[in-house]
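Peer 1:
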Amino acid sequence: MGYYAENNNLTLTNTQSIGDNSILDIYASTESSNQVWNLYIPEGTHSWPDECYTGFDINALVLEFLDVVSN
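Rendered as structure tokens:
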């Protein structure tokens, strides 16, 4: 995440604990609408996260990200 944040002049602006121990870090800039979101899911696998295991709706989170960066 450091690479993308640095190359887009972004800083860590928000850290949220979501679901069952997952962490969402949001990197943003006051100069542009660029953002990078990093979601850490403990014991996550390379499959689409299921709400019954993570405690949050990943589809809604992706749509929220797309709405933020498109405005």
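By our numbering, the letter at position 44 of the sequence shown is numbered 239, and the numbering carries on one by one without gaps. Cβ coordinates follow ideal geometry from the N, Cα and C atoms, glycine included.
#1: Select from 249, 259, 254, 206 the residue whose C-alpha is nearest the C-alpha of residue 226.
#2: Beta carbon of residue 255, beta carbon of residue 222: below 8 Å?
#3: With residue 203 as the anchor, note down where its beta strand (DSSP E) starts and where it stops.
#4: Between which two residues does the beta strand (DSSP E) harbouring residue 220 extend?
#5: What did DSSP end up calling residue 229 once you bin it into helix, strand or coil?
#6: Considering Cα atoms alone, identify which of 249, 229, 218, 203 is closest to residue 263.
#7: Given this structure, state the Cα-to-Cα distance separating residue 220 from residue 210, to the nearest angstrom.
Peer 2: Let's see:
#1: Of the candidates 249, 259, 254, 206, the one whose C-alpha sits nearest the C-alpha of residue 226 is 206.
#2: One thing to note: residue 255 has its Cβ no nearer than 8 Å to the Cβ of residue 222.
#3: Run containing residue 203: none; DSSP gives neither H nor E here.
#4: Annotation: the continuous beta strand (DSSP E) that includes residue 220 extends over 217-223.
#5: DSSP places residue 229 in coil when its eight states are reduced to three.
#6: Checking every option, the nearest Cα to that of residue 263 belongs to 229.
#7: Answer to the nearest angstrom: the Cα atoms are 5 Å apart.
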